[in-house]
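Under the numbering used here, residues 68 to 297 are what the sequence shown spells out, in order. Using N, Cα and C, we set each Cβ at its ideal position, and we do this for glycine too. Just below is one structure, and these are the notes that go with it.
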Amino acid sequence: MTRATLDKKPHEVATMFDDVAANYDLTNDVLSLWQDRRWRKEVAKAVNARPAQKVLDLAAGTATSSLPFAATGAYVVPCDFSFGMLREGKRRHSHLPLTAGDATKLPFKDDTFDTVTISFGLRNVVDTDAALREMYRVTKPGGQVVICEFSQPTWAPFRTVYTEYLMRALPPVARAVSSNPEAYVYLAESIRSWPDQPGLAARLQEAGWSKVAWRNLSGGIVALHRGFKR
Ligand SMILES: C[S@@+](CC[C@H](N)C(=O)[O-])C[C@H]1O[C@@H](n2cnc3c(N)ncnc32)[C@H](O)[C@@H]1O
68 MTRATLDKKP HEVATMFDDV AANYDLTNDV LSLWQDRRWR KEVAKAVNAR PAQKVLDLAA
128 GTATSSLPFA ATGAYVVPCD FSFGMLREGK RRHSHLPLTA GDATKLPFKD DTFDTVTISF
188 GLRNVVDTDA ALREMYRVTK PGGQVVICEF SQPTWAPFRT VYTEYLMRAL PPVARAVSSN
248 PEAYVYLAES IRSWPDQPGL AARLQEAGWS KVAWRNLSGG IVALHRGFKR
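Set out below in structure tokens:
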């Protein structure tokens, strides 16, 4: 795997997601062995959306990640910069206000949302720190951020097996089920080079978030990070 696989420009990331939009949700289910459904339930619990709250689901893709928040009666804005993903999302969930926007230059006013959340998206944003600062800007004082992202399994023997799965099994499985297997090679490589749990927590603090904490899911394959805006 070359570094070039990871050194994508923002428009190349958007195009990559345009290409996988049609089969995106099915591929996720298969590659995660249906664990993604459980992870989404845990995100919903952490976000704890309530009627009359405003929730921004950033890098929402086809808006599958937005559905549990919308089901609570909260006002949910799914936002993404891939027109292919947004189109697919609009086709499936026409009742949601899907919005085009770049995580590093959000089209929202300061202090707008009670919760800003992002599932399996922050790792794909080319400038992570700019996105964390923008998320902070659009959150109301007292509001929270909830980040659901792949992370590092905490038990070393399992980490080794998992890394083998990512680098060896995932690309051939992706070739069988995805319209763009190259995107899933990128997925494996981007998960490997993403910061571990304390590393991401430190980046959140640098962006201004306080009371930062995290919880591991599936032994640390995924971590939920939370922070608050003072
Ligand atoms: C793996 S998908 C996750 C979609 C959804 N949140 C979910 O859980 O299924 C990652 C999404 O991040 C979006 N994305 C990447 N960089 C972005 C940016 N700078 N601004 C907005 N969206 C971005 C991509 O277009 C893609 O739809």
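Any non-hydrogen atom of ligand 1 closer than 7 Å to residue i Cβ
i: Asn90; result: no
i: Ser257; result: no
i: Phe180; result: no
i: Asp196; result: no
i: Phe84; result: yes
i: Ser132; result: yes
i: Met202; result: no
i: Ser186; result: yes
i: Pro94; result: The question names Pro, yet the displayed sequence has Thr at residue 94. No; taking the cut-off as 7 Å, the Cβ of Thr94 has no heavy atom of ligand 1 nearer than that.
i: Phe136; result: no
Helix, strand or coil at residue i [DSSP, three-state]
i: Gly188; result: coil
i: Gly286; result: helix
i: Pro118; result: coil
i: Asp181; result: strand
i: Pro135; result: helix
i: Thr206; result: strand
i: Phe73; result: Note that residue 73 is Leu in the sequence shown here, rather than Phe. Looking at Leu73 - three-state DSSP - the assignment turns out to be coil, as it is neither helix nor strand.
i: Val87; result: helix
Identity of the residues DSSP links to residue i by a beta bridge
i: Gly151; result: Answer is none; Gly151 lacks a bridge partner.
i: Glu216; result: Ala290
i: Gln211; result: Thr182, Phe295
i: Ser277; result: Phe295
i: Ala167; result: Asp147
i: Tyr251; result: Note: Tyr251 sits in no beta bridge, so no partner.
i: Lys172; result: Asp169
i: Tyr229; result: For Tyr229, which the question treats as bridged, DSSP gives no partner whatsoever.
Proximity of residue i and residue j at Cβ, strictly below 8 Å
i: Gly294; j: Leu267; result: no
i: Arg159; j: Thr129; result: yes
i: Ser257; j: Asn90; result: no
i: Ala141; j: Ala111; result: no
i: Trp281; j: Ala290; result: yes
i: Leu189; j: Ala197; result: no
i: Ala170; j: Val192; result: yes
i: Gly156; j: Ala126; result: no
i: Val244; j: Val97; result: yes
At least 3 beta-carbon pairs within less than 8 Å: the segment 167-187 vs the segment 120-140: In short, these stretches touch, since the Cβ pair count reaches three.
Meets three-Cβ-pair contact criterion under 8 Å: the segment 149-161 and the segment 202-220: no
So, do the segment 164-176 and the segment 233-246 have three or more beta carbon pairs nearer to each other than 8 Å? The segment 164-176 makes no contact with the segment 233-246: fewer than 3 CB pairs, one atom from each, lie closer than 8 Å.
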